[in-house]
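Presented below is the structure to which this report refers.
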Amino acid sequence: MGGGFDTFGQSGGRDEVSRDREDPGLEVEKALAGDLEMSEDVSERVEAAEGKVDRQLEGAPINVGSKGVILAVLGDLKEGYEVSLGKVVDGVVDQVETLDKKTRDTLGALKNKYIYPEELKPLIPILRNEAAVWKIVALKTYKAGSGDYKAINVRLVKLGIDKDAIEDLQAFLGVKVDGQFGPKTVNALSAGLEWNFEVKAGDETQLDDNLSLERNKIERFCDGAGISEEYVGILVDQKVPIYILEDLPRDRLMVLLEFEEEYDFGLFEKELQLLQEIGGRSANPTTPESKRDLSKIMDKVKSSNPINRALLQYAFRNSVVMRWENLSEILYSPDYVAAYHLLHRGLLNGDPRRAIKLGSEIVKGEGFLSSQVKSGMTDGVVAKYLNKRGLEGVSLFRGRHVLLVSSNERYFHDDNLVGERRFGAEDMKKEMRESVGESGWVEQVTTEDTDSDEDISIKRREVLQKFLDTPPPMMFFFDGHGDKGKIGIAHPSKKAGMISAADFAKVIHERANLYPAVMGAPKDIYVLDECFANEFIRKVRGELGKLGKVDGVKPGAIFITSTAPGQFSDEEEKQKEGAYASLLKNKGLDLAGLDKAGEHFIYEV
Amino acid sequence: MQKTMQKRRTLKELIVRSHAIKPDEKSVYLAALGFLKEDRKKAIREVLEKEIEEIGRVRAEAEEKKNALGEKYIRDLKKLFAIEQKKAMVREEEAEDVGAEDILNQLNSL
Chain R
1 MGGGFDTFGQ
11 SGGRDEVSRD
21 REDPGLEVEK
31 ALAGDLEMSE
41 DVSERVEAAE
51 GKVDRQLEGA
61 PINVGSKGVI
71 LAVLGDLKEG
81 YEVSLGKVVD
91 GVVDQVETLD
101 KKTRDTLGAL
111 KNKYIYPEEL
121 KPLIPILRNE
131 AAVWKIVALK
141 TYKAGSGDYK
151 AINVRLVKLG
161 IDKDAIEDLQ
171 AFLGVKVDGQ
181 FGPKTVNALS
191 AGLEWNFEVK
201 AGDETQLDDN
211 LSLERNKIER
221 FCDGAGISEE
231 YVGILVDQKV
241 PIYILEDLPR
251 DRLMVLLEFE
261 EEYDFGLFEK
271 ELQLLQEIGG
281 RSANPTTPES
291 KRDLSKIMDK
301 VKSSNPINRA
311 LLQYAFRNSV
321 VMRWENLSEI
331 LYSPDYVAAY
341 HLLHRGLLNG
351 DPRRAIKLGS
361 EIVKGEGFLS
371 SQVKSGMTDG
381 VVAKYLNKRG
391 LEGVSLFRGR
401 HVLLVSSNER
411 YFHDDNLVGE
421 RRFGAEDMKK
431 EMRESVGESG
441 WVEQVTTEDT
451 DSDEDISIKR
461 REVLQKFLDT
471 PPPMMFFFDG
481 HGDKGKIGIA
491 HPSKKAGMIS
501 AADFAKVIHE
511 RANLYPAVMG
521 APKDIYVLDE
531 CFANEFIRKV
541 RGELGKLGKV
551 DGVKPGAIFI
561 TSTAPGQFSD
571 EEEKQKEGAY
581 ASLLKNKGLD
591 LAGLDKAGEH
601 FIYEV
Chain V
1001 MQKTMQKRRT
1011 LKELIVRSHA
1021 IKPDEKSVYL
1031 AALGFLKEDR
1041 KKAIREVLEK
1051 EIEEIGRVRA
1061 EAEEKKNALG
1071 EKYIRDLKKL
1081 FAIEQKKAMV
1091 REEEAEDVGA
1101 EDILNQLNSL
């Protein structure tokens, strides 16, 4: 019998209860499923008690009819128990739902209370203080040497805007950083915000305290800050809302500042959205949709993205006025996009000057950009063009110590080549020996058909050891399979033969420690004649990044491959004409020459 | 005592564990940690700690109720089985007595 009452079909009450509760609380219930299971000890004891009763019933000196009656009675008891249990579960679901709502409301209140409709202003700290902004623009004409600069800056300090904040803003705007608001700063700000005013340096000071402000802005600001309109300005004209600014009393100012503090917090949701959108600048500015996008990009630029900020600071370094048109022009320029991608990849030490210069070279040099800029440049493209620098004089073969690592596979898919060694063939080694000249040498580690998993594992270790021991200038030539970001000295199905990007990067890093020469010329080079080499290279780059610098310099490596990002190896298409065959045609060249020949992708990681 | 010994959860953990914050919102909160001011983080922490505390309380209460129900069920089960078994035996004995009497009556009528 065994198995408790369920075997008799008398029970199952709990399941029915669950089905009956297909209601809005179900999702919550599912989420809590793990926590709502009965505690183990009780459920075990319930089960044990039921089992015991089962056994007793089976052995009881009563007839089958009586046993059926008892089962029915006990089934009712169990059903009642499970209904009660279900009610407890329902109670938890209800309570948790209530708690969730309460928590969400509280979190929502924390967010919504401080979210301000105008997204732009909060992104520049000084602009969060609207009262300060009005003060900034209150002087229409600045008379040089009249002390007006000082006067307005004193007013700003009173509003809680200190010199540091002004300097930050000036740095952002790309104007002279002196911590003082003058015409240039104000105009740059005005242009950036699409304000319709311009201040001048003139013969005499003109105060323009009467500002036409949109009524809803004033109301919103006062409402949010908990201050009355009189503290922002006095409404002097209902038809054309004109406010006269007044200095804020100290106590009201404190309320205002407190509001601004809280306001920071409320920003995060919108700011996050903007941050998440950064990088999606694929719109064409000539379409109506994209014109709307421009305002988003404007926000993005002014958001806390340090790359954009650094680039714009540099782009506007000589500008007196930062105009909206200039901004959009720059943001959509291929140079800028290329520069952004360079810095985004952590290249060029974050130097915007070099990024914009190199970005410009990339664009002008090859004219490849219109489509790629829109879809975002690939890592490979960036790296390829980066490598146009510093490759002069780096020999391809001459004088190198070549470590030839190959897999044991033989051709099977070409009638003319079936049975021949597919990777690391003898003629390849021979040609290499000739190419490296007298000062170089070639050493090969290869797996054989007869190798067991253990042999392969030993050879894998041997590869890594020789990779470390081979003095520069080295060429690590890999002829074999690549798979999922690894390279294999045997077929990829033999896990023992796979070398991960992490291990590879460790050795590169360690080589930089052992042989400082690898950091300069002649550099080590790595030839990957394999499928999906780019995936492996990307991973190596990532791993190297994690390992950090050696003596203040990030260890790098130069990779050569015949495969474009995401492609199989060249060999797949041309049979025996793989990377190596085409490399030999250029064996006398330096890397710059090889790059010009255009048959290979050269990556510096 | 146990509570004070417990390791204080990071805000990240609290957000990840939060039942109230919907899964698609969690990434927003997590990303916000990078630039939120300390007092804002503190405000969120307080809300989430309270949430976890409350849910813990609700669960503990439910657990207690479930245990009590389980115990009661086990007691009732044993008791009811004993009663029902006894009742069945008595019922069957009475039925046997009735059967014997019938036989005697039939014999007497012969």
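The listed protein sequences derive, respectively, from chains R and V. End of the first sequence = 605 in my numbering, gap-free, step of one. End of the second sequence = 1110 in my numbering, gap-free, step of one. Glycine included, each C-beta is placed from N, C-alpha and C at the ideal position.
{"query": "Which chain V residues sit within Cβ distance under 9 Å of residue 45(R)?", "result": "1070, 1071 and 1074"}
{"query": "Does residue 1077(V) get closer than 8 Å to chain R when you measure Cβ to Cβ?", "result": "yes"}
{"query": "Determine, for residue 1106(V), whether the minimum Cβ-Cβ distance to residues of chain R falls below 8 Å.", "result": "no"}
{"query": "So, with DSSP's three-state summary, where would you put residue 344(R)?", "result": "helix"}
{"query": "Comparing alpha-carbon positions, which option in 74(R), 393(R), 80(R) and 90(R) lies nearest residue 1083(V)?", "result": "74(R)"}
{"query": "Less than 8 Å between the C-beta atoms of residue 530(R) and residue 485(R), yes or no?", "result": "no"}
{"query": "Where does residue 80(R) fall in DSSP's three states?", "result": "helix"}
{"query": "Should residue 1106(V) be labelled buried (16 or more other beta-carbon atoms within 10 Å of its own) or exposed?", "result": "exposed"}
{"query": "Does residue 403(R) come out as helix, strand or coil in the three-state DSSP assignment?", "result": "strand"}
{"query": "Is the CB of residue 592(R) under 8 Å away from at least one CB in chain V?", "result": "no"}
{"query": "For the beta strand (DSSP E) that contains residue 486(R), what are its first and last residues?", "result": "486-488"}
{"query": "Rounded to a whole number of angstroms, what is the C-alpha to C-alpha distance between residue 203(R) and residue 184(R)?", "result": "16 Å"}
{"query": "Check whether the Cβ atoms of residue 473(R) and residue 524(R) lie closer than 8 Å to each other.", "result": "yes"}
{"query": "Can at least three beta-carbon pairs, one atom from the segment 1008-1023 of chain V and one from the segment 585-593 of chain R, be found at a separation below 8 Å?", "result": "no"}
{"query": "What did DSSP end up calling residue 47(R) once you bin it into helix, strand or coil?", "result": "helix"}
{"query": "For chain V, check one thing: does any of its Cβ atoms lie closer than 8 Å to the Cβ of residue 450(R)?", "result": "no"}
{"query": "Residue 92(R) versus chain V: which residues are under 7 Å apart at the beta carbon?", "result": "1058, 1059 and 1062"}
{"query": "Any beta-carbon of chain V closer than 8 Å to the one on residue 340(R)?", "result": "no"}
{"query": "8 Å is my cut-off, CB to CB: does residue 1042(V) come that close to chain R?", "result": "no"}
{"query": "Give the single residue among 511(R), 501(R) and 510(R) whose Cα lies nearest to the Cα of residue 533(R).", "result": "501(R)"}
{"query": "What is the residue span of the alpha helix (DSSP H) that residue 469(R) lies within?", "result": "453-469"}
{"query": "Beta-carbon of residue 1091(V) versus every beta-carbon of chain R: anything under 8 Å?", "result": "yes"}
{"query": "Pairs of beta-carbons, one from the segment 1058-1070 of chain V and one from the segment 60-72 of chain R, closer than 8 Å: are there three or more?", "result": "no"}
{"query": "Using the beta-carbon of each residue, which ones in chain V are nearer than 8 Å to residue 50(R)?", "result": "1077"}
{"query": "Could you pull out every residue in the same chain whose Cβ sits closer than 8 Å to the Cβ of residue 499(R), ignoring the five residues on either side in sequence?", "result": "460, 463, 464, 486, 487, 488 and 489"}
{"query": "Express the C-alpha separation of residue 1043(V) and residue 1073(V) in angstroms, rounding to a whole number.", "result": "45 Å"}
{"query": "Identify the residues that DSSP records as bridge partners of residue 444(R): which are they?", "result": "404(R)"}
{"query": "Going by Cα to Cα distance, which pick from 466(R), 435(R), 455(R) and 450(R) is closest to residue 444(R)?", "result": "466(R)"}
{"query": "Can you tell me the Cα-Cα spacing of residue 446(R) and residue 407(R), whole angstroms?", "result": "6 Å"}
{"query": "Give, in chain order, every residue of the segment 68-83 of chain R whose Cβ lies closer than 7 Å to some Cβ of chain V.", "result": "69, 70, 73, 74, 77 and 81"}
{"query": "Please state whether DSSP places residue 553(R) in a helix, a strand or coil.", "result": "strand"}
{"query": "So residue 504(R) is in the alpha helix (DSSP H); what residue range does that whole segment cover?", "result": "501-514"}
{"query": "Between the alpha carbons of residue 454(R) and residue 492(R), how many angstroms are there, rounded?", "result": "15 Å"}
{"query": "Contact between the segment 94-107 of chain R and the segment 1044-1055 of chain V is defined here as three or more beta-carbon pairs at a separation below 8 Å; is this criterion met?", "result": "yes"}
{"query": "Can you pull the chain V neighbours of residue 55(R), defined as C-beta to C-beta under 7 Å?", "result": "None at all; the shortest Cβ gap to chain V is about 11 Å."}
{"query": "Buried or exposed: which applies to residue 1023(V), given that a residue is buried once 16 or more other Cβ atoms fall within 10 Å of its Cβ?", "result": "exposed"}
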